[in-house]
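S.K.: Mapping to this note's numbering: the sequence shown position 330 is 446, numbers consecutive.
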Amino acid sequence: MNTQKDKHIIHMDQDAFFVSVEIKKNPRLIGKPVIIGGGSDRGVVASCSYEARKFGIHSAMPARTAKLLCPQAIFVKGNMDEYSKASHDITEIIAQRVPLFEKASIDEHYIDMTGMDKFFGCMKFASELRQTIIKESGLPISFGLSVNKTVAKIATNESKPAGEKEVIFSEVQPFLNPLSIHKIPGIGHSTYKKLSEMGVRQIQTLTQIPQELMFKILGQHGLSLWQKANGIDLAPVVPYRERKSIGTQATFESDTMDIAKLKAIITGMVTGLTFQLRNQCKLTACITVTIRYTNFETVTRQERIPYTSLDSFLIKRAHDLFDKLYAKRMLLRLIGVKLSHLVSGYEQIGLYDICEEEYSLYQAMDKVRNHYGDEAVVKACIVTQPPRDQYNKVIKYNPRKKKIITETGEGAEKEQTGDYKRSRMRNFMNEKGITGGKSYD
Ligand SMILES: [Mg+2]
117 MNTQKDKHII
127 HMDQDAFFVS
137 VEIKKNPRLI
147 GKPVIIGGGS
157 DRGVVASCSY
167 EARKFGIHSA
177 MPARTAKLLC
187 PQAIFVKGNM
197 DEYSKASHDI
207 TEIIAQRVPL
217 FEKASIDEHY
227 IDMTGMDKFF
237 GCMKFASELR
247 QTIIKESGLP
257 ISFGLSVNKT
267 VAKIATNESK
277 PAGEKEVIFS
287 EVQPFLNPLS
297 IHKIPGIGHS
307 TYKKLSEMGV
317 RQIQTLTQIP
327 QELMFKILGQ
337 HGLSLWQKAN
347 GIDLAPVVPY
357 RERKSIGTQA
367 TFESDTMDIA
377 KLKAIITGMV
387 TGLTFQLRNQ
397 CKLTACITVT
407 IRYTNFETVT
417 RQERIPYTSL
427 DSFLIKRAHD
437 LFDKLYAKRM
447 LLRLIGVKLS
457 HLVSGYEQIG
467 LYDICEEEYS
477 LYQAMDKVRN
487 HYGDEAVVKA
497 CIVTQPPRDQ
507 YNKVIKYNPR
517 KKKIITETGE
527 GAEKEQTGDY
537 KRSRMRNFMN
547 EKGITGGKSY
557 D
């Protein structure tokens, strides 16, 4: 814990971010129970105001439950474009003032002030930065300042709304001890239940459990929780770079200009990437499509988009980009899709025209893929007709090998069974260790 002693980490988090953006547009919403999303009866709550939370409403709750709890609640459809823009603006303000920061979710940033504390008082600096953000963005924000990311984040949450809280090294344990284990970032419902059944509800109780026992019960996650309860978190602030991305590309066995087939391939690629995004609780704010003509001329086009991880939305954008890109009537040899500007989060559900069922469908598909591999469930449009022999009988094949897997350039294992070579998920998750922000408070 000694290494943490001289660290100074700020966690900044917008208060009820989506709601605040709406209030800025329409001040009549101030002080009212406001719910973002859940437009249709089958929708879900994307975010809600502190007034609505008093009725027990929370994000991801079915809209009809929210309506029962608080019939007078005001439902606002929500606009991810505007929230994304506000998010980029806030990141800009921070980027101009600090050298090392991490964008952890659409409305959260970590700033590493270590070393700068000799020149500025960290608390004074953070407080001034908070005021600047409030003034320039017109949106409320809170922050916590402590020796690591976990304690800083808990401090922020304790100070909300419109709060500031510093927890110095010697106060870390006294600050954490009386809190519910619920307050530890990353503790899920099932973990909470397990610990709760053991009589562990307070952080102090958790600190008294032997590490080995925590490992036995919850594995690595248990150890990590134990450390957090003890105020230990060595995760670094990962610098925010625009190039945080995941991508995939395919080189075709034989060059093609079959538009329907190309679009089906794009659909397949986007589906694979969004599956990964959702698995890692990430959203993307930028999509890039690349094509290479048969003469090796390569063209790329990208588009900033509202933060999302939804298939239907991204597939449409990717197809549109492809239409704009593919200008020459020439054969193509390669196609690629990349999702970048990744941040943690998954709560835009309810802001698009997506209902509970569609969201459940994504969840169910992700579950199957997690069990049986990422090609276990695919959209029907990307499945090509199975090959038939001269008697018109289907030639049996292994569906997992049907899509060919070849890494362009790296020439690893080549399986030539399908219409195109697909890069083995040329996925470059360029970043790690981002703490999952589960709710945008
Ligand atoms: Mg927030």
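A virtual CB, placed ideally from N, CA and C, is assigned to each residue, including glycine.
Compare the Cα-Cα distances from Y423 to each of S456, E369, N293 and A380 and report the closest residue.
M.R.: The residue given as residue 423 occupies position 307 in the sequence shown. Answer by Cα proximity: S456.
S.K.: Rounded to a whole number of angstroms, what is the C-alpha to C-alpha distance between I126 and Y442?
M.R.: Residue numbering aside, residue 126 sits at position 10 when the sequence shown is read from its first letter. Residue numbering aside, residue 442 sits at position 326 when the sequence shown is read from its first letter. Their backbone Cα atoms lie some 46 Å apart in a straight line.
S.K.: So, for M239: in the same chain, excluding its five sequence neighbours on each side, which residues have a beta-carbon less than 7 Å away from its beta-carbon?
M.R.: As a first step, residue 239 must be located in the sequence shown, where it is residue number 123. Only L261 and E282 meet the Cβ criterion.
S.K.: Using C-beta distances below 6 Å, list every residue in its chain close to E529, excluding the 5 sequence neighbours before and after it, in chain order.
M.R.: On the sequence shown, residue 529 is found 413 positions in, with the first residue counted as 1. Legend: pLDDT at E529 = 32, less than 50; position of this residue unreliable, no value from coordinates given.
S.K.: Which runs of the alpha helix (DSSP H), 4 residues or longer, sit entirely within the region 398 to 458?
M.R.: Counting only runs of 4 or more, we get 427 to 441.
S.K.: Could you tell me which residues DSSP puts in a beta bridge with S203?
M.R.: One-based indexing of the sequence shown puts residue 203 at position 87. In DSSP, S203 forms no bridge with anything.
S.K.: Using only the alpha-carbon positions, how far apart do A202 and V137 sit?
M.R.: Taking the first residue of the sequence shown as 1, we reach residue 202 at position 86. Taking the first residue of the sequence shown as 1, we reach residue 137 at position 21. Roughly 8 Å separates the two Cα atoms.
S.K.: Would E244 and D129 be called neighbours here (beta carbons separated by less than 7 Å)?
M.R.: As a first step, residue 244 must be located in the sequence shown, where it is residue number 128. As a first step, residue 129 must be located in the sequence shown, where it is residue number 13. The answer is no: Cβ separation not under 7 Å.
S.K.: Considering G363, what are the terminal residues of the alpha helix (DSSP H) in which it resides?
M.R.: Walking along the sequence shown from the start, residue 363 turns up at place 247. Where G363 is concerned, there is no enclosing alpha helix (DSSP H), although the beta strand (DSSP E) it sits in stretches over S361 to T372.
S.K.: Buried or exposed for G525, going by 16 or more other Cβ atoms inside 10 Å?
M.R.: Walking along the sequence shown from the start, residue 525 turns up at place 409. With a pLDDT of only 32 at G525, under the threshold of 50, the placement of this residue in the model should not be trusted, and no figure is reported.
S.K.: At the level of alpha carbons, what is the spacing between I190 and T367?
M.R.: Numbered from its first residue, the sequence shown carries residue 190 at position 74. Numbered from its first residue, the sequence shown carries residue 367 at position 251. The alpha-carbon atoms of I190 and T367 are separated by roughly 51 Å.
S.K.: Since I believe S163 is in contact with S460 (beta carbons under 8 Å), could you give me their beta-carbon distance rounded to a whole number of angstroms?
M.R.: Within the sequence shown, numbered from 1, the residue matching residue 460 stands at position 344. Within the sequence shown, numbered from 1, the residue matching residue 163 stands at position 47. With 8 Å as the limit, S460 and S163 do not qualify as a contact, their Cβ atoms being about 15 Å apart.
S.K.: Quick check: what's the CA-CA separation for N543 versus L399?
M.R.: If you number the sequence shown from 1, residue 543 lands on position 427. If you number the sequence shown from 1, residue 399 lands on position 283. Confidence is the limiting factor: at N543 the pLDDT is only 31, short of 50, which leaves the residue's position unreliable, though a coordinate-based value still follows. Cα-Cα distance, rounded: 15 Å.
S.K.: Based on DSSP bridge pairs, tell me the residues matched to C164.
M.R.: The residue given as residue 164 occupies position 48 in the sequence shown. Answer is I151.
S.K.: Between I319 and L292, how many whole angstroms is the CB-CB distance? I'm expecting something under 8 Å.
M.R.: Taking the first residue of the sequence shown as 1, we reach residue 319 at position 203. Taking the first residue of the sequence shown as 1, we reach residue 292 at position 176. At roughly 5 Å, the Cβ-Cβ gap stays under 8 Å, so I319 and L292 are in contact.
S.K.: So what's H124 in DSSP terms, helix, strand or just coil?
M.R.: Against the sequence shown, residue 124 aligns to sequence position 8. H124 falls in the coil class under three-state DSSP.
S.K.: Using a Cβ-based criterion (distance less than 6 Å to any ligand heavy atom), does F236 qualify as near ligand 1?
M.R.: Here the question's residue 236 lines up with position 120 in the sequence shown. No.
S.K.: Alpha carbon to alpha carbon, what distance is there between A434 and V160?
M.R.: Here residue 160 corresponds to residue number 44 of the sequence shown, with the count starting at 1. Here residue 434 corresponds to residue number 318 of the sequence shown, with the count starting at 1. Spanning the two alpha carbons is a distance of roughly 26 Å.
S.K.: Would you check if there are 3 or more beta carbon pairs closer than 8 Å linking the region 192 to 206 to the region 170 to 181?
M.R.: Short answer: they don't touch.
S.K.: My parser needs the beta strand (DSSP E) runs of 3 or more residues fully inside the region 218 to 247; what are they?
M.R.: 224 to 228, all fully within the region 218 to 247.
S.K.: Check whether the region 311 to 318 and the region 366 to 384 are in contact - that is, three or more C-beta pairs closer than 8 Å.
M.R.: Contact fails: fewer than three Cβ-Cβ distances are below 8 Å.
S.K.: Among the candidates Q188, L378, R246 and G194, whose CA atom is the shortest distance from the CA of R213?
M.R.: Here residue 213 corresponds to residue number 97 of the sequence shown, with the count starting at 1. Checked all of Q188, L378, R246 and G194; the closest Cα to R213 is R246.
S.K.: Could you tell me which residues DSSP puts in a beta bridge with G384?
M.R.: Within the sequence shown, the letter at position 268 stands for residue 384. DSSP output for G384 lists no bridge partner at all.
S.K.: Identify which residue in L295, S361, S340 and E218 has its Cα closest to the Cα of V353.
M.R.: In the sequence shown, counting from the first residue as 1, residue 353 sits at position 237. Of the listed residues, the one whose Cα sits closest to V353 is E218.
S.K.: Measuring alpha carbon to alpha carbon, tell me which of T410, V405 and Y478 ends up nearest T416.
M.R.: Here the question's residue 416 lines up with position 300 in the sequence shown. Here the closest residue by C-alpha is V405.
S.K.: Is F259 a contact residue of ligand 1, with contact defined as CB to any heavy atom under 6 Å?
M.R.: If you number the sequence shown from 1, residue 259 lands on position 143. It does not: the Cβ of F259 is nowhere closer than 6 Å to a heavy atom of ligand 1.
S.K.: Hey, could you find the ends of the beta strand (DSSP E) V192 is sitting in?
M.R.: The residue labelled residue 192 in the question sits at position 76 within the sequence shown. First-last of the beta strand (DSSP E) with V192: I190 to V192.
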